[in-house]
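Below is one structure; the comments refer to it alone.
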Amino acid sequence: MDDEEKILKALGRALRAAGHEIVETTNPRQALRLLAERPFDVLVVDNIMPETSGLDLIREFVAGSEGRTDVRDARSAPPAAQRGNGASAERVRAAAERGEGPQIVMMTAHATVESAIEAMKLGAFDYLQKPFEIDELLVVVGRALDHQRLRTEYRYL
Numbered sequence: 004m005d006d007e008e009k010i011l012k013a014l015g016r017a018l019r020a021a022g023h024e025i026v027e028t029t030n031p032r033q034a035l036r037l038l039a040e041r042p043f044d045v046l047v048v049d050n051i052m053p054e055t056s057g058l059d060l061i062r063e064f065v066a067g068s069e070g071r072t073d074v075r076d077a078r079s080a081p082p083a084a085q086r087g088n089g090a091s092a093e094r095v096r097a098a099a100e101r102g103e104g105p106q107i108v109m110m111t112a113h114a115t116v117e118s119a120i121e122a123m124k125l126g127a128f129d130y131l132q133k134p135f136e137i138d139e140l141l142v143v144v145g146r147a148l149d150h151q152r153l154r155t156e157y158r159y160l
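Heads up: the sequence shown at position 113 corresponds to 116 in the working numbering, and the numbers run straight through without jumps.
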């Protein structure tokens, strides 16, 4: 998910060429609907967008999934948790530790130590600073998919 169509299309081409099935959107509301409709293994999310931040999108996704056994089964998305809410970060982290939900790769052109820490607190798998090489994204997505497969196997043991 990225609000810049050009970037979204370039990333989509690279990921498809690497053999990944992808879904693209520039709209955070549509992203939440898609997340509620089907499971995803990895989310690649821009942090700075006009309507919301990637961090807030993750908080809202998890808030909509609270109380379910698998966040990928969410069917609705209630209002986002308040920015900086420690309980929201804890829910995200707990879901990730249980092996639920997708791996999250955050990207941003305006990286700060604080935003990277917040992304990790919310359970992000990795954090990429724009501009980055496509090969770097492919490596991170590949590692995230491997990690997701291991989490899924572990859950079913």
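In this text, a Cβ means the ideal position worked out from N, Cα and C, and glycines have one as well. Predicted, not measured: the structure shown is a model, and the values here were computed from it.
Cβ-Cβ separation, residue j to residue i (assumed contact under 8 Å), whole Å
i    : j    : result
N30  : M110 : Going by Cβ atoms, the distance from N30 to M110 rounds to 17 Å, so no, they are not a contact pair.
L35  : G67  : 7 Å
G57  : V65  : The Cβ separation is near 13 Å, so there is no contact.
L125 : I61  : 5 Å
A21  : L141 : 5 Å
V116 : L18  : Actually they do not touch by this definition, with Cβ atoms about 28 Å apart.
Whether residue i touches residue j by CB criterion (8 Å)
i    : j    : result
G147 : F135 : It is worth fixing the name first, because residue 147 is Ala in this sequence and not Gly. Going by C-beta atoms, A147 is not nearer than 8 Å to F135.
E27  : L11  : yes
Range of the contiguous alpha helix (DSSP H) that encloses residue i
i    : result
V26  : Note, V26: premise wrong, no alpha helix (DSSP H); not H, not E.
R129 : Note that residue 129 is Asp in the sequence shown here, rather than Arg. Looking at the DSSP string, D129 is not in any alpha helix (DSSP H); the run it does join, the beta strand (DSSP E), is 129 to 132.
I137 : 137 to 158
Where residue i sits in the DSSP three-state scheme
i    : result
L14  : helix
L125 : coil
D49  : strand
T55  : coil
Segment limits, beta strand (DSSP E) that includes residue i
i    : result
T115 : Premise fails: T115 is in no beta strand (DSSP E) and is neither H nor E.
CA nearest to the CA of residue i, picked from the options
i    : options                : result
Y130 : A17, V45, E63, A21     : V45
T164 : D6, P42, A13           : Because residue 164 is not part of the residues shown, which for the chain are 4 to 160, the question remains open.
M123 : V108, E103, E63        : V108
L37  : D149, M4, D138, I137   : M4
G104 : Q151, A114, A112, I137 : Q151
F43  : D149, Q106, M52, I137  : Q106
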